[in-house]
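Working notes, structure below.
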Amino acid sequence: MGRVVGMVSIACLVWVLTGFSEVALADALNEPVVMTQDGCFVGAEAPGTGGVVMASVSVSEQAEAWDRLQEARGQAMSGSRQMFTDDFEDGNIDGWMLASGDHTASVTSATAANGTMYSMEVTGGANYHYTGAYATFPSCTPSYLSVWLQPAAIGVSTTYFVVGDSSIGTNNGVVFLYAHDGGVWRIYSGSAYSSLNVYTANTWYHHEMILDWNTRLVDWYIDGVLQHSGIPFRSPSTTAVDRVHAYHYAYSSTGWFDEYYFSDSTAPTATPSATPTDTPIPTVTPTPTVVPTETPVITPTPAPVPATGPAGLGLLLGAVGMVLALSFYRRR
Ligand SMILES: [Ca+2]
Ligand SMILES: [Ca+2]
Numbered sequence: 010m011g012r013v014v015g016m017v018s019i020a021c022l023v024w025v026l027t028g029f030s031e032v033a034l035a036d037a038l039n040e041p042v043v044m045t046q047d048g049c050f051v052g053a054e055a056p057g058t059g060g061v062v063m064a065s066v067s068v069s070e071q072a073e074a075w076d077r078l079q080e081a082r083g084q085a086m087s088g089s090r091q092m093f094t095d096d097f098e099d100g101n102i103d104g105w106m107l108a109s110g111d112h113t114a115s116v117t118s119a120t121a122a123n124g125t126m127y128s129m130e131v132t133g134g135a136n137y138h139y140t141g142a143y144a145t146f147p148s149c150t151p152s153y154l155s156v157w158l159q160p161a162a163i164g165v166s167t168t169y170f171v172v173g174d175s176s177i178g179t180n181n182g183v184v185f186l187y188a189h190d191g192g193v194w195r196i197y198s199g200s201a202y203s204s205l206n207v208y209t210a211n212t213w214y215h216h217e218m219i220l221d222w223n224t225r226l227v228d229w230y231i232d233g234v235l236q237h238s239g240i241p242f243r244s245p246s247t248t249a250v251d252r253v254h255a256y257h258y259a260y261s262s263t264g265w266f267d268e269y270y271f272s273d274s275t276a277p278t279a280t281p282s283a284t285p286t287d288t289p290i291p292t293v294t295p296t297p298t299v300v301p302t303e304t305p306v307i308t309p310t311p312a313p314v315p316a317t318g319p320a321g322l323g324l325l326l327g328a329v330g331m332v333l334a335l336s337f338y339r340r341r
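Using the numbering used here, the first residue of the sequence shown is number 10, and each one after it goes up by one.
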């Protein structure tokens with residue numbers, strides 16, 4: 010027993026001295042390894058030597074990043090852009106396939122993300138990649154990827170989220186994300202991009218990625234906080250993706266996956282609903298205008314009728330009548 014412990018201790022010392030490489034640890038333990046935890050073939054690229062690129066994100070950059078995220082989320086809500094979704098709320102993992110390896114995958118209600126009922130539990134791991142479960146979807150160039158991940162432990166490399174095409178086993182896809190054994194989330198893209206904070210086991214984390222297929226760069230958010238912008242696609246030659254893998258690298262690991270939501274960048278936005286007919290503005294019953302009481306017109310005192318008026322005419326006619334009568338009388 011002591012000898013075994015001593016061998017492991019020496020192996021761990023070698024591991025520490027060589028930069029925490031699982032390859033070094035595995036080599037020290039004489040275990041066969043095909044690829045490292047970052048999916049690099051042994052000898053092709055020494056893991057851990059690329060350096061960890063940490064973001065220095067200012068408050069203003071975070072504010073702008075938050076706006077970009079809100080816009081991406083809003084566009085993703087358009088139905089025709091939804092390329093792949095699975096929240097497991099139907100209580101099954103139909104559509105997911107098991108790759109080779111010793112993994113199991115099943116739906117569980119023991120834990121679920123974002124207040125939902127079910128998630129997918131994946132167990133297993135044997136220092137190999139692309140085991141576990143995977144699902145396919147129509148080939149597309151997604152502009153937005155969203156997933157919730159929960160590792161059962163820290164200190165081991167688990168809970169992989171890798172999106173790519175049918176050559177993912179050799180090109181490692183465009184996004185290669187996992188819970189790193191150093192206790193941070195990591196996107197490996199030739200260089201390692203680590204999360205700003207150490208993660209906690211048995212805790213859900215919402216990962217969102219905005220992909221720019223023109224520049225072939227990824228902006229990566231955790232729980233709405235930008236971790237890194239401008240992470241290069243892991244596989245720069247990939248022109249479209251059609252599958253997502255969920256698995257563990259470390260031995261006998263457990264992790265949960267939930268709320269997958271991918272939306273495409275090129276699909277048209279949802280057909281807008283017909284322009285609504287303007288609701289006629291109801292005729293407002295006019296308030297009757299109060300007619301002001303007219304100031305009574307003062308009737309002017311009538312001017313005295315001049316002598317040439319009707320009374321004068323009567324007198325004139327009377328005089329003419331008398332003249333005629335007098336003249337008639339004289340003729341008699
Ligand atoms: Ca769910
Ligand atoms: Ca299902």
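For each residue, glycine too, the CB sits at the ideal point set by N, CA and C.
Note that the coordinates shown come from a computational prediction; the quantities given were computed from them, not determined experimentally.
Thinking residue i and residue j are a contact (beta carbons under 8 Å), I'd like their distance in whole angstroms, please.
i	j	result
residue 214	residue 208	6 Å
residue 164	residue 257	So it is not a contact: roughly 13 Å between Cβ atoms.
residue 139	residue 254	6 Å
residue 238	residue 228	4 Å
Can you tell me which of the three DSSP states residue i falls into?
i	result
residue 178	helix
residue 83	helix
residue 73	helix
residue 243	coil
residue 89	helix
residue 68	helix
residue 56	Annotation note: pLDDT 36 at residue 56 (below 50); position unreliable, coordinate value reported separately. It is coil, neither helix nor strand.
Using only CA atoms, which one of the options lies nearest to residue i?
i	options	result
residue 205	198, 119, 191, 199	191
residue 223	123, 242, 230	242
residue 156	171, 149, 164, 147	171
residue 97	227, 122, 71, 273	122
residue 260	134, 230, 112	134
residue 93	108, 143, 110	143
residue 272	76, 82, 71, 45	82
residue 187	178, 179, 159, 173	159
residue 132	149, 107, 147	107
residue 248	196, 148, 193	148
residue 77	47, 162, 233	233
Hey, is residue i close to ligand 4, as in C-beta under 7 Å from one of its heavy atoms?
i	result
residue 97	Among the ligands in the structure shown, ligand 4 does not appear; only ligand 1 and ligand 2 can be found there.
From residue i to residue j, what does the alpha carbon distance come to, in whole angstroms?
i	j	result
residue 89	residue 151	12 Å
residue 268	residue 115	15 Å
residue 154	residue 145	14 Å
residue 166	residue 49	14 Å
residue 130	residue 68	36 Å
residue 198	residue 120	30 Å
residue 230	residue 218	6 Å
residue 109	residue 169	15 Å
residue 177	residue 270	20 Å
residue 252	residue 174	6 Å
Let me confirm a value: residue i is counted as buried when at least 16 other C-beta atoms fall within 10 Å, else exposed. Which label applies?
i	result
residue 126	exposed
residue 342	Any property of residue 342 remains undetermined from this structure, which presents the chain solely from 10 to 341.
residue 181	buried
residue 236	buried
residue 263	buried
residue 111	exposed
residue 45	buried
residue 211	exposed
residue 72	exposed
residue 128	buried
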